[in-house]
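Taken in sequence, the protein lines are chains C and W.
Using this note's numbering, you'd call the opening residue of the first sequence number 3 and step up by one each time.
Using this note's numbering, you'd call the opening residue of the second sequence number 110 and step up by one each time.
Below: the structure, in structure tokens.
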Amino acid sequence: SKIQMEKDEL
Amino acid sequence: MNIFRLVGDLSHLLAILLLLWKIWKTRSCAGVSGKSQIMFGLVYITRYLDLFTNFISIYNTTMKAIFIAVAIATIYLIYFKFKATYDSNHDTFRMEFLIVPVGGLAFLVNHDFTALEILWTFSIYLESVAILPQLFMISKTGEAETITSHYLFALGSYRALYIVNWVYRYYFEGFFDLIAIVAGCVQTILYCDFFYLYVTKVMHGKKLSLPA
């Protein structure tokens, strides 16, 4: 499953 | 942060600065697709809405601000300052054929049905096809200025490096985002024939020209 991490990418 | 993503971001920054510099220095946007630039502007604005609400790092905030500023400056140069040099006869790709399906897909396939997440998803999908008007324009004119081909090479390389970054993050952080990965692969695949031409021609000092 997708780990919804902080959107830290540009 | 890993080296692949850092080099990718720098390649991306180089690309957009290269294009801005080319238009400013030559005082001409000949061979540049204004439609692609409008779509890139839309990509950054819809993706970086959290610029003021969600602080990640100085680097993240700075880069987002630069991307938005450079995109707006480029669009301004194309459609206002050097409007006379804008080649609208060859920049004929219908943007709505991209924006509408991408908008619909963002509603259907996303991680979270919230405004911010749908706009982010829209931005990811749009970025994967935003270069099409530019590639289409080059195929119509049959050639591209060398500086424009360097711009495209740097821009295409950035997302290719991001794919490596996602592989790295999957193995070392267990992080993956299928939407970004699939869109990133589509985006990079669209550059493949350009990459081939760039490596076989531009790297050998020839001008980039498509087989007529």
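We put the beta carbon where it would ideally sit given N, CA and C, even for glycine.
{"Check": "In angstroms with no decimal places, state the Cα-to-Cα distance between T155(W) and E252(W).", "Outcome": "32 Å"}
{"Check": "Alpha helix (DSSP H) containing A178(W): first to last residue?", "Outcome": "I167 to Y185"}
{"Check": "Could you spell out where the alpha helix (DSSP H) holding M110(W) opens and where it closes?", "Outcome": "Counting along the chain, M110(W) falls outside any alpha helix (DSSP H), and DSSP gives it neither H nor E."}
{"Check": "Which residues of chain C have a Cβ atom closer than 9 Å to the Cβ of W229(W), listed in chain order?", "Outcome": "K9"}
{"Check": "Can you round the beta-carbon distance between F113(W) and V273(W) to whole angstroms, since I take them to be within the 8 Å contact cut?", "Outcome": "4 Å"}
{"Check": "Please determine, among G117(W), L115(W) and S142(W), the residue with the shortest C-alpha to C-alpha distance to L128(W).", "Outcome": "S142(W)"}
{"Check": "Which residues in the same chain as F285(W) place their Cβ atom closer than 8 Å to its Cβ, once the five residues preceding and following it in sequence are excluded?", "Outcome": "W275, R278 and Y279"}
{"Check": "Just by C-beta distance, which residues in the segment 110-141 of chain W are closer than 9 Å to chain C?", "Outcome": "M110, R114, G117, D118 and H121"}
{"Check": "Listing by chain order, which chain C residues have their CB less than 8 Å from the CB of N169(W)?", "Outcome": "D10 and L12"}
{"Check": "Report buried or exposed for I132(W), applying the criterion of at least 16 other Cβ atoms within 10 angstroms of its Cβ.", "Outcome": "buried"}
{"Check": "Take the Cβ of L270(W) as the centre, count every other Cβ of all protein chains shown within 10 Å, and call the residue buried at 16 or more, exposed below.", "Outcome": "buried"}
{"Check": "To the nearest angstrom, how far is it from the Cα of L217(W) to the Cα of I240(W)?", "Outcome": "23 Å"}
{"Check": "Assuming G140(W) and T250(W) form a contact by the criterion Cβ under 8 Å, report the distance between their Cβ atoms to the nearest whole angstrom.", "Outcome": "6 Å"}
{"Check": "Just how far apart, CA to CA, sit K9(C) and E226(W)?", "Outcome": "10 Å"}
{"Check": "Have a look at A224(W) and L115(W) and give me their C-alpha separation to the nearest angstrom.", "Outcome": "29 Å"}
{"Check": "Which term fits L287(W), buried or exposed, when burial requires 16 or more other beta carbons within 10 angstroms of its beta carbon?", "Outcome": "exposed"}
{"Check": "Flag Y277(W) as yes if its beta-carbon sits less than 9 Å from any beta-carbon of chain C, otherwise no.", "Outcome": "no"}
{"Check": "List the endpoints of the continuous alpha helix (DSSP H) containing D159(W).", "Outcome": "First-last for D159(W): undefined, no H or E at that position."}
{"Check": "Between Q146(W) and S237(W), is the Cβ-Cβ spacing less than 9 Å?", "Outcome": "no"}
{"Check": "In or out: V152(W) buried (at least 16 other Cβ within 10 Å) or exposed?", "Outcome": "buried"}
{"Check": "If you scan the segment 264-319 of chain W from start to end, which runs of the alpha helix (DSSP H) of 4 or more residues do you find wholly inside it?", "Outcome": "287-299 and 301-309"}
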